[in-house]
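Under UniProt numbering, residues 1 to 958 are what the sequence shown spells out, in order. Think of the CB as a built atom: it goes at the ideal place given N, C-alpha and C, for glycine as much as any other residue. The structure presented is a predicted model; accordingly, all values stated were derived computationally and were not measured. Report on the following structure.
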Amino acid sequence: MPKHTSIKKHLLLSEICNNKRVQYKESYENYDLKSFSADIALQDYQIASLQNALIALDLYMCYKDSDYIKTRGEKLYRIYKEQYKDCKLEKEEINRASFWMATGSGKSIVMIKLLSLLGKAIREKKIPNKPIMLLAPNDTILAQFKDNVAKYNNYNADFITLKELREYESIMQNNLLSETTVFIARSDLLDCAQNVGKDKSAKRLDYKNYCNNEGWYILLDEAHRGDSKESIRKYYINEIACGDRLKDYEGYPKGFIFNFSATFSDELDFFTCAFNYNLEKFNNDGYGKNIAVLDSHLKSFSKESDESERIIRIIEGFILFSAIKQSKKELLRKARDFGISNIKYHNPLIIAVSDKVNTQDAGIKLYFKAILQILKEDKDIQEIAQNLYEKLKNQELYFAKDVLSDEFLEYVKNTDSKNVRENIFYASEPSHLECFRANDKELAFKSKNANEPFMLLNIAEAKKWEKEHLLELGVESFKDLQKSYFKHINEGDSSINIMLGSKVFSEGWDSNRVNLIYFINIGSKNAKKYVLQTIGRGVRIEPFSNVRKRMRYCDIHEYSTKQILSPLACGLETLFILASDNEAIKYILEEIESFITQYPLKGFKKTNTLSPLPTPKYKNTESKERIYKIGKKESEELKEYIQSFDEDVLTLNTCVIHKECSYDTLREIKDFLDDKSERIIQYGDFQEFDKNKTFSHIHRILNVRNKELKEFVDLSDEINHYQSFKTTLGESFANEINGIIKTLNVYKALKTREDLQKEGVAEEYIPAILESEAKKQSRIIDSYQISAKLREHYYNPLIIYNKNDRDSKINFAINEESEKEFLQDLEEFLQGDSEKLMKYEWCFSKLVENIDTLYIPYFDSEAQSERKFYPDFIFWFKSKENGEYTIIFIDPKGLKIEANPRDKIKGFEAIFKDKEFLYRGKKIQTYLFYYNKNVGEFIGFEKYKKSSVKEIIDEIVK
Numbered sequence: 001m002p003k004h005t006s007i008k009k010h011l012l013l014s015e016i017c018n019n020k021r022v023q024y025k026e027s028y029e030n031y032d033l034k035s036f037s038a039d040i041a042l043q044d045y046q047i048a049s050l051q052n053a054l055i056a057l058d059l060y061m062c063y064k065d066s067d068y069i070k071t072r073g074e075k076l077y078r079i080y081k082e083q084y085k086d087c088k089l090e091k092e093e094i095n096r097a098s099f100w101m102a103t104g105s106g107k108s109i110v111m112i113k114l115l116s117l118l119g120k121a122i123r124e125k126k127i128p129n130k131p132i133m134l135l136a137p138n139d140t141i142l143a144q145f146k147d148n149v150a151k152y153n154n155y156n157a158d159f160i161t162l163k164e165l166r167e168y169e170s171i172m173q174n175n176l177l178s179e180t181t182v183f184i185a186r187s188d189l190l191d192c193a194q195n196v197g198k199d200k201s202a203k204r205l206d207y208k209n210y211c212n213n214e215g216w217y218i219l220l221d222e223a224h225r226g227d228s229k230e231s232i233r234k235y236y237i238n239e240i241a242c243g244d245r246l247k248d249y250e251g252y253p254k255g256f257i258f259n260f261s262a263t264f265s266d267e268l269d270f271f272t273c274a275f276n277y278n279l280e281k282f283n284n285d286g287y288g289k290n291i292a293v294l295d296s297h298l299k300s301f302s303k304e305s306d307e308s309e310r311i312i313r314i315i316e317g318f319i320l321f322s323a324i325k326q327s328k329k330e331l332l333r334k335a336r337d338f339g340i341s342n343i344k345y346h347n348p349l350i351i352a353v354s355d356k357v358n359t360q361d362a363g364i365k366l367y368f369k370a371i372l373q374i375l376k377e378d379k380d381i382q383e384i385a386q387n388l389y390e391k392l393k394n395q396e397l398y399f400a401k402d403v404l405s406d407e408f409l410e411y412v413k414n415t416d417s418k419n420v421r422e423n424i425f426y427a428s429e430p431s432h433l434e435c436f437r438a439n440d441k442e443l444a445f446k447s448k449n450a451n452e453p454f455m456l457l458n459i460a461e462a463k464k465w466e467k468e469h470l471l472e473l474g475v476e477s478f479k480d481l482q483k484s485y486f487k488h489i490n491e492g493d494s495s496i497n498i499m500l501g502s503k504v505f506s507e508g509w510d511s512n513r514v515n516l517i518y519f520i521n522i523g524s525k526n527a528k529k530y531v532l533q534t535i536g537r538g539v540r541i542e543p544f545s546n547v548r549k550r551m552r553y554c555d556i557h558e559y560s561t562k563q564i565l566s567p568l569a570c571g572l573e574t575l576f577i578l579a580s581d582n583e584a585i586k587y588i589l590e591e592i593e594s595f596i597t598q599y600p601l602k603g604f605k606k607t608n609t610l611s612p613l614p615t616p617k618y619k620n621t622e623s624k625e626r627i628y629k630i631g632k633k634e635s636e637e638l639k640e641y642i643q644s645f646d647e648d649v650l651t652l653n654t655c656v657i658h659k660e661c662s663y664d665t666l667r668e669i670k671d672f673l674d675d676k677s678e679r680i681i682q683y684g685d686f687q688e689f690d691k692n693k694t695f696s697h698i699h700r701i702l703n704v705r706n707k708e709l710k711e712f713v714d715l716s717d718e719i720n721h722y723q724s725f726k727t728t729l730g731e732s733f734a735n736e737i738n739g740i741i742k743t744l745n746v747y748k749a750l751k752t753r754e755d756l757q758k759e760g761v762a763e764e765y766i767p768a769i770l771e772s773e774a775k776k777q778s779r780i781i782d783s784y785q786i787s788a789k790l791r792e793h794y795y796n797p798l799i800i801y802n803k804n805d806r807d808s809k810i811n812f813a814i815n816e817e818s819e820k821e822f823l824q825d826l827e828e829f830l831q832g833d834s835e836k837l838m839k840y841e842w843c844f845s846k847l848v849e850n851i852d853t854l855y856i857p858y859f860d861s862e863a864q865s866e867r868k869f870y871p872d873f874i875f876w877f878k879s880k881e882n883g884e885y886t887i888i889f890i891d892p893k894g895l896k897i898e899a900n901p902r903d904k905i906k907g908f909e910a911i912f913k914d915k916e917f918l919y920r921g922k923k924i925q926t927y928l929f930y931y932n933k934n935v936g937e938f939i940g941f942e943k944y945k946k947s948s949v950k951e952i953i954d955e956i957v958k
């Protein structure tokens, strides 16, 4: 294990699953992992989590082995021990996969989809037959699961049936498990027989009643962790899952636990983490709000003294809130100018959370008193706004290490008391408060000269608080409305800007609205555990319907439009956190930083050796030419299925087949079964008939539209991976590399062969001088070469992983042997006979699949689907003579399986071959080459294979 790695955060199972993804693709490739309900489809990261869940289960169970009882557990245990020498996992601990998924990342959807997949796999005899259990921490979350299962069942034929765990014995006796039956319970109700006997409410469950010989598949939602009985509860769950392992070979547990949590605390969670999408990754991928922990400590809340300081701290929060509202108004105005009317950003909300509410020194009460004084006085706040502006200019945001936009900060600087009164209190002048007793748990407050309430106190004993504190605070009148403002707080017309209370915000409440959280006197051990839950519930965001990414990460609008609108969305897309004392701030920072498993590498600079750079943009054509290849067995079972229906039923009610199957698709299927179709052909016998998958697949392939080039545009953010380099080797290692990057970028540009020739240097000395110059531009640290030798690269420096194990702990480092070989060949070519390139300005770049957006569309004939081909490198050449451009896509790997390169070449030819294109009025030619030193044949496509950089350059430089 690398010396910089923290063993505590080494996510071993995730690495194992990712490395086994191709080898174990049978675990997941024949399942629909995307669809869920009419308005919910799984995101790419959710699909990846399901893939890793099934791979982890397959690795552990070894059910395909002829004698799986003897290999179950042993294979995975051996991988842990062989690949991770410091791993301390015991045999009885490896029957689990943990999922570190942020609040708001949709882990409930993943869990429900996994339930359905487990049911299918059991029925298909791909995994051992065991009962399935879902455990959640409380009734609120169980109710949410039930609602989402209902949505799933309304959309899918493979129903999930939920049963109470206490019904388990009677259901098993009657053998009612023909469909996916899931037994549900609250995890905190599992107990021992002794305690169950003492339970007068008869809710507790004796865990031993659910221990069986074969064990369980258990899905555990650990949304709220940290209570005193957590460890004993884990023991009960492990015992239920494992079955009677003593009767089996080697004693490995028979069942398996899938553990989902937003926070991890012990080493077992990290070791057995099969998928990481925690708050850090969630945020770095553009989901949710950025987090700003302000250094305004609100320390005056600890005592009654220093009231003026207390008011200043609250005003700072109100200035932020007012700036968010003002920038939102301008954002919507500019969006209308662009013709954009579908923005759905939330109305901002402040929540103030206190450990104590009903005591005389309660933080909420002190906060409340400060609000009263702000409302009553016409206070000049310009100096406060200016000071806040200065502090925020260097405010660090979690986790992308971003900063607040200048546009938003201008609103902060220019906010005055009039803005605050209008945006917070709906009041044009100073005023007093009125109180409405909404119900037993809610008190609503409004300015006396306003029409709507702006603040809600939401606590268990609102009436008592009203009686003990409001008269003392000088609130003038009371009205009893008997309604709930909290119930409607997420609706677009809610007037509530501030909500005060205690734990109500941490559980059972979801909202996009929160932009500021005040933690007041959250110091006790009991209170601290609610901090992250509250923050997690505050990061949600939805700029457009069902789009939960920040504006600049959305694909809905053009890049230039997002560039203009995103800075104005900055405030809306930030969760500002304030706390009442230094210890609370320190605790919050520690908890947030506990999510960090990757540390950013910064300082990469664009070289701008050639600009602008042409970039292809594609569009759909009207033609539909794809052919669906169907296996023999699949076609026979398809025919049998079709013939079981009357044709009128099939055409009038297409959902009997599949929700996506059109009449035209059905007619083509009928033609195929009558040997009349030219677009469905029988080929091989590679898959079995599956109603949902087969019809959906045929429909999709027959209706896919071909792609063609729309135009070449200037490169903007299509190459962006260099902005997201990260390492898992620790903060000190990241800082060391960042220092090297900074040093390399300080050096003057290397002298080129052309420079030396102009200086009159003798030709025989040039190679040695170039080599000496190159050494100045490279450093080695551990197994990584940080190199700025190739100055024509789009950015510098490059990071190259020198080992051959492809186990780089820096994302986007060049670790493929073929890519390293190509770069070495390029360096040698540039130091040698590269005179032909003097006629050109040129630039090249590494491309990263699914991160950068430069690709070639093609149809994968084997997978029967549209794909994007990301060559490893792109080169641009611009003739100094006539200004014409040449683009070369180069892929140094990929000729091992010929079918795939052939499909990619056909995709390239369909778009670029024998066609003339212009860019900025100049001709542009496009080439594709496979760089491969192997001499083997590539029949029919020989011209696409090159064995050296010189061959490639000779081909295009005439």
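The beta carbons of K809 and T728 sit closer together than 8 Å.
Per the coordinates, the alpha-carbon of L572 lies some 53 Å from the alpha-carbon of S635. With distances taken between CA atoms, S845 lies nearest to L826 out of L826, D833 and K836. For the pair K81 and Y599, the Cα-to-Cα distance works out to about 27 Å. Distance from C435 to V403 at the Cβ level is roughly 41 Å; contact not present, criterion being Cβ atoms closer than 8 Å. In the DSSP annotation of this structure, the continuous segment of the alpha helix (DSSP H) that includes M61 starts and ends at D44 to M61. Pairing V353 with F519 gives a Cβ-Cβ distance under 8 Å. Here the alpha carbon of L702 sits roughly 23 Å from the alpha carbon of Y855.
Between G286 and R78 the beta-carbon gap is near 39 Å, outside 8 Å, which marks them as no contact. For A734, the enclosing alpha helix (DSSP H) covers residues E731 to V746.
If the five residues before and after L118 are omitted, its C-beta is found closer than 6 Å to the C-beta atoms of I132 and Y217, all from its own chain and listed in chain order.
Taking 3 residues as the shortest admissible run, the segment 227–295 contains the following complete beta strand (DSSP E) segments, listed from N- to C-terminal end: 256–261, 273–277 and 290–293.
The beta carbons of L601 and A788 sit no closer together than 8 Å. With fewer than 16 neighbouring CB atoms inside 10 Å of its own CB, L481 falls in the exposed class. Approximately 5 Å separates the beta-carbon atoms of Y795 and K606; this is inside 8 Å, confirming the contact. According to DSSP, S845 shares a beta bridge with I874. Within the DSSP secondary-structure output, G501 pairs in a beta bridge with V353 and N458.
Among the bridge pairs identified by DSSP, E866 is matched with F859.
Here N423 has S322 and K325 as same chain residues with Cβ atoms under 6 Å from its own Cβ, once five neighbours each way along the sequence are excluded. Our two residues, E718 and F725, have alpha carbons roughly 16 Å apart in a direct line. By the Cβ test, the segment 150–162 is not in contact with the segment 93–104, since fewer than three Cβ pairs between them sit closer than 8 Å. For Q831, the enclosing alpha helix (DSSP H) has its first and last residue at E817 to Q831. In the DSSP assignment, Q395 falls outside any alpha helix (DSSP H) and carries neither an H nor an E. No Cβ-Cβ contact shorter than 8 Å links L54 with K20.
With fewer than three CB-CB distances shorter than 8 Å, the segment 874–883 does not count as touching the segment 815–829.
Counting every other CB atom within 10 Å of its CB across the protein chains shown gives Q831 a total of 16 or more, marking it as buried.
I669 and G631 have their C-alpha atoms spaced approximately 14 Å apart. Three or more Cβ pairs drawn from the segment 145–160 and the segment 105–124 lie within less than 8 Å of each other, which places the two stretches in contact. D646 carries a coil assignment under DSSP once its states are collapsed to helix, strand and coil. When the five nearest sequence neighbours on each side are left out, the beta carbons in the same chain lying within less than 7 Å of the beta carbon of S834 are those of R753, in order along the chain. Between E407 and S327, the CB-CB gap stays under 8 Å. The alpha-carbon of S716 is positioned some 12 Å away from that of K562. Shown here, L471 sits in a helix according to DSSP, grouped into three states. Bridge partners of T180 according to DSSP: I160. When the five nearest sequence neighbours on each side are left out, the beta carbons in the same chain lying within less than 8 Å of the beta carbon of F445 are those of L433, E434, C435, F436, P453, F454, M455, L456, L457 and V475, in order along the chain. The beta carbon of Q723 sits closer than 6 Å to no other beta carbon from its chain once the five residues preceding and following it are set aside.
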